[in-house]
Each structure stands twice: as C-alpha cells, then as structure tokens.
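>
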Amino acid sequence: MKLLSFILLLLIVVLQYPLWFGKASWLKVMQVEQEVVAAHANNLALQDRNNKLEAEVNDLKQGLEAIEERARSDLGMVKEGEILFHIVKSGHSKSPQPSVTPPLSSELFSR
128 MKLLSFILLL LIVVLQYPLW FGKASWLKVM QVEQEVVAAH ANNLALQDRN NKLEAEVNDL
188 KQGLEAIEER ARSDLGMVKE GEILFHIVKS GHSKSPQPSV TPPLSSELFS R
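Shown next as structure tokens:
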C-alpha cells in the first residue's frame, strides 16, 4: 500500500511539473497575459498619437490657419505691419533684440 501511494504521489508530481514549471506553465501564461495588456495599452497610446498627427497633417494640407499658426509659433514670423513683442521674465538682463525674420507675405493670409 505504501508503494502504491508513493508511485501515485510520484506520478502526480511528474504530471504537475510541466503545468507549473514547463514551457507552457501557468506562470508563463500569466506573464504573457501581462505583456499583452501592456502592449495593448502601448498600442492605444500610439494610435492616439497617430490620430493627432494625421489631423495635424490634414490641417496643414487644407487650412491656411494651421500654416499661419505654425509660422508664428515655430518660426516667430509676423504679418506685415504687425509688431512682435518678446516678454522677458525678470532677472534676465538681456537687452531687447529686434525680430530678424521678415514679415510674411500678406497674400498668404488674405481671405
């Protein structure tokens, strides 16, 4: 009887080992599920970023407002007749510098 119990216990251990520690063990399945969840969250963030970039590209292709905004914010350009003021925070002793960028053509912004 003891031999039969020992053989059955050994058989259970042999059958359970791959379930807990093998290539397709429960631990690895849980780890892969966590990786899938993380990849899905990353994909959602990238999809949101792609949607924003696509909307910006469409804006730049179709609307002059986006081009004007980009020229003003990124390049510091101004319309003809406008004056650009740079506000310097206190503590900086930099003297004001005139804008060196030429004004944009008024034809670009005429409606």
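Our numbering puts the sequence shown at residues 128 to 238.
By construction, the Cβ of each residue, glycine as well, lies at the ideal position given by its N, Cα and C atoms.
Can you give me the start and stop residues for the alpha helix (DSSP H) that Ala-182 sits inside?
Run containing Ala-182: 153 to 189, per the alpha helix (DSSP H) assignment.
> Judging by CA-CA distance, which residue of Glu-207, Gly-208, Ala-193 is the nearest neighbour of Asp-201?
For Asp-201, the nearest C-alpha among the options comes from Ala-193.
> If you run the structure through DSSP and keep just helix, strand and coil, what is Ser-200?
Three-state DSSP puts Ser-200 in a helix.
> In terms of residue numbering, what span does the alpha helix (DSSP H) encompassing Phe-212 cover?
Unbroken run through Phe-212: none, as it is neither H nor E.
> Apart from the five residues just before and just after Arg-199, which ones in its own chain have a Cβ nearer than 8 Å to its Cβ?
Closer than 8 Å at Cβ, skipping near neighbours: Val-205.
> Could you give the first and the last residue of the continuous alpha helix (DSSP H) run that contains Lys-129?
Unbroken alpha helix (DSSP H) run through Lys-129: 129 to 148.
> When you compare the CB positions of Leu-142 and Trp-153, do they come within less than 8 Å of one another, or not?
The answer is no: Cβ separation not under 8 Å.
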